[in-house]
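Visitor:
Residue numbers (the working numbering): 16 to 373.
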């Protein structure tokens with residue numbers, strides 16, 4: 016056992032929730048951003064008269080998503096170069112075989128394949144053959160055997176979320192908004208979670224998942240905008256921008272010190288989520304990854320807008336849609352978070368300096 020542990024340490028193979036649930040998952044989201052999401056933006060630009068060539072570029076975004084995610088995951092797992100390059104094929108297979116659950120299949124299959132590839136890397140004189148062979152063989156076999164079942168499971172989960180959203184839009188609006196918003200602030204990837212659960216009405220997702228995607232956008236925006244405005248007195252304009260269009264994850268060290276600072280934006284998300292679903296009918300028909308982006312680079316609202324004009328949106332975009340987008344993504348999160356924060360400051364649960372960024 017001691018020798019085995021020493022071998023794992025030498026190969027930097029670490030079985031931990033952080034390595035797989037934070038590092039790998041976060042990297043997967045970046046891979047999605049660099050392929051599918053940016054491809055979607057190019058597709059939208061291609062709708063502008065005279066710019067159709069953008070759509071020709073964007074069409075390849077979805078095709079590159081599997082390899083991009085796998086390479087990003089392998090890099091996050093600190094794999095040697097040959098393992099990283101070989102993982103591209105694993106990602107392509109897992110994404111294709113996984114169907115609806117492609118991103119989740121890529122995450123799981125790539126992690127296993129990369130760790131096996133790391134284990135054999137530079138252990139033989141024919142490393143240039145053995146390492147890619149083992150990486151692709153393990154990942155390929157797992158993709159053929161399991162990715163389809165993962166796709167079915169994700170499809171069932173997505174169908175349940177969509178069904179529940181239509182049956183109880185208020186309750187599910189609260190749950191989805193709060194949970195995805197909290198995930199955004201935690202050191203995990205809400206974008207990857209939304210992509211794995213297919214929280215979008217595009218590609219046949221339907222109204223239920225479209226509403227769930229809208230609630231997810233509401234929750235993420237509440238966290239980012241909420242923390243940005245709540246901490247303005249401590250962090251001024253730099254903090255406003257870094258949290259408002261960067262990430263609310265910057266507050267995690269402060270949340271650990273005083274968890275009560277998390278209450279205002281979370282309460283705000285539990286209000287804006289059902290408002291998005293029940294009052295404004297906010298529906299995400301952009302890429303599912305946008306549902307978990309919030310105001311990071313404004314990609315949550317941008318995803319909503321791209322979905323409106325992407326060809327699958329079932330309704331006509333009107334004043335209420337634009338008003339809802341403005342209120343749910345920006346105005347209400349700011350006002351509600353400030354109000355709840357004011358109450359907690361009054362009772363001493365939040366003190367001056369509790370949200371100062373280091």
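We treat Cβ as the ideally placed atom computed from N, Cα and C, and that holds for glycine.
Just so it is clear, the structure is predicted and the values come from calculations on it, not from any experiment.
Which one of 120, 273, 24 and 41 has the shortest CA to CA distance from residue 32?
Guide: Considering only alpha carbons, the answer is 41.
Visitor: Is residue 105 closer than 8 Å to residue 113 when the C-beta atoms are compared?
Guide: No, the Cβ-Cβ distance between residue 113 and residue 105 is not below 8 Å.
Visitor: For residue 272, count neighbouring Cβ atoms within 10 angstroms of its own Cβ and tell me buried if that reaches 16, exposed if not.
Guide: So residue 272 counts as exposed.
Visitor: Alpha carbon to alpha carbon, how far is residue 175 from residue 190?
Guide: The straight-line gap from Cα to Cα measures roughly 14 Å.
Visitor: What are the start and end residues of the alpha helix (DSSP H) that includes residue 188?
Guide: Per DSSP, residue 188 belongs to the alpha helix (DSSP H) from 184 to 200.
Visitor: Could you work out which residue in 133, 54 and 118 is closest to residue 27 when comparing CA atoms only?
Guide: Residue 133 is the option with its Cα nearest to residue 27.
Visitor: Apart from the five residues on each side of it in sequence, which residues of its chain come closer than 6 Å, Cβ to Cβ, to residue 364?
Guide: Answer for residue 364: 275, listed in chain order.
Visitor: On a CA-only basis, which of 254, 35, 352 and 240 is nearest residue 345? Give me that one, please.
Guide: Residue 240 is the option with its Cα nearest to residue 345.
Visitor: Nearest to residue 231 by CA position, among 244, 246 and 208, is which residue?
Guide: Taking only the C-alpha atoms, the option nearest residue 231 is 208.
Visitor: Quick one: complete beta strand (DSSP E) runs, 3+ long, within the stretch 138 to 187?
Guide: Qualifying beta strand (DSSP E) stretches: none in this window.
Visitor: On the criterion of 16 or more Cβ atoms from any shown chain inside 10 Å, does residue 17 qualify as buried, or is it exposed?
Guide: Under this definition residue 17 is an exposed residue.
Visitor: Should residue 96 go down as buried or exposed, given a rule of 16 or more other Cβ atoms within 10 Å for buried?
Guide: Residue 96 is exposed by the Cβ-count criterion.
Visitor: Can you say whether residue 433 is buried or exposed, counting buried as having 16 or more other CB atoms within 10 angstroms of its CB?
Guide: Lying before the first or after the last residue shown, residue 433 is absent from the chain, which here runs from 16 to 373.
Visitor: Relative to the C-alpha of residue 45, which residue among 83, 59 and 278 is closest?
Guide: Of the candidates 83, 59 and 278, the one whose C-alpha sits nearest the C-alpha of residue 45 is 83.
Visitor: Excluding the 5 residues preceding and the 5 following residue 159 in the sequence, name in chain order all residues of the same chain whose CB lies nearer than 7 Å to its CB.
Guide: Correct list, in chain order: 112.
Visitor: Mark residue 200 as exposed unless 16 or more other C-beta atoms lie within 10 angstroms of its C-beta, in which case mark it buried.
Guide: Result: buried.
Visitor: Along the chain, where does the alpha helix (DSSP H) that runs through residue 247 open and close?
Guide: First-last of the alpha helix (DSSP H) with residue 247: 247 to 259.
Visitor: Within the chosen definition, does the stretch 302 to 317 reach the stretch 260 to 271 through at least 3 CB pairs nearer than 8 Å?
Guide: Output reads yes: the stretch 260 to 271 touches the stretch 302 to 317.
Visitor: Mapping the DSSP letters down to three states, classify residue 348 as helix, strand or coil.
Guide: Helix, per DSSP.
Visitor: Would you mind stating whether residue 292 and residue 188 have Cβ atoms separated by less than 8 Å?
Guide: The answer is yes: Cβ separation under 8 Å.
Visitor: Using 8 Å as the cut-off, can you tell me whether the stretch 279 to 286 makes contact with the stretch 299 to 306, which would need three or more C-beta pairs spanning the two stretches below that distance?
Guide: Too few Cβ pairs lie closer than 8 Å, so no.
Visitor: Using a Cβ-Cβ cut-off of 7 Å (strictly less than) and excluding sequence neighbours within five positions of residue 205, which residues of its own chain qualify?
Guide: Taken in chain order, the residues that qualify are 195, 198, 199, 235 and 307.
Visitor: Output yes or no for whether 8 Å exceeds the beta carbon distance between residue 70 and residue 124.
Guide: Not a contact, by the Cβ cut-off of 8 Å.
Visitor: Quick check: does the Cβ of residue 295 come within less than 7 Å of any heavy atom belonging to the ligand ZN?
Guide: This structure lacks the ligand ZN; in fact it carries no ligand of any kind.
Visitor: By Cβ distance below 6 Å, which residues in the same chain neighbour residue 192 in space, the five residues on each side in sequence not counted?
Guide: Excluding positions up to five away in sequence, the list reads 230, 233, 234, 284 and 288.
Visitor: Taking the C-alpha atoms as reference points, what is the distance between residue 86 and residue 355?
Guide: Taking the straight line from one Cα to the other gives about 42 Å.
Visitor: Expressed to the nearest angstrom, what Euclidean distance is found between the alpha-carbon atoms of residue 362 and residue 369?
Guide: Cα to Cα, residue 362 sits roughly 14 Å from residue 369.
Visitor: If you drop the 5 nearest sequence neighbours on each side, which residues of the same chain put their C-beta closer than 7 Å to that of residue 178?
Guide: Excluding positions up to five away in sequence, the list reads 223.
Visitor: Compare the Cα-Cα distances from residue 54 to each of 180, 141, 216 and 302 and report the closest residue.
Guide: Per the Cα distances, 302.
Visitor: So, with DSSP's three-state summary, where would you put residue 327?
Guide: Three-state result, residue 327: coil.
Visitor: Would residue 130 be called buried (16 or more neighbouring beta carbons within 10 Å of its own) or exposed?
Guide: Counting Cβ neighbours within 10 Å, residue 130 comes out buried, since at least 16 surround it.
Visitor: If you reduce the DSSP assignment to three classes, tell me which class residue 95 lands in.
Guide: Coil, per DSSP.
Visitor: Could you compute how far the alpha carbon of residue 340 sits from the alpha carbon of residue 319?
Guide: Going by the C-alpha atoms only, they are around 8 Å apart.
Visitor: Run through DSSP, which three-state label would residue 366 get?
Guide: Coil.
Visitor: Restricting to Cα atoms, I'd like to know which of 128, 80, 243 and 299 is closest to residue 353.
Guide: Looking at the Cα atoms, 243 is the closest of the given residues.
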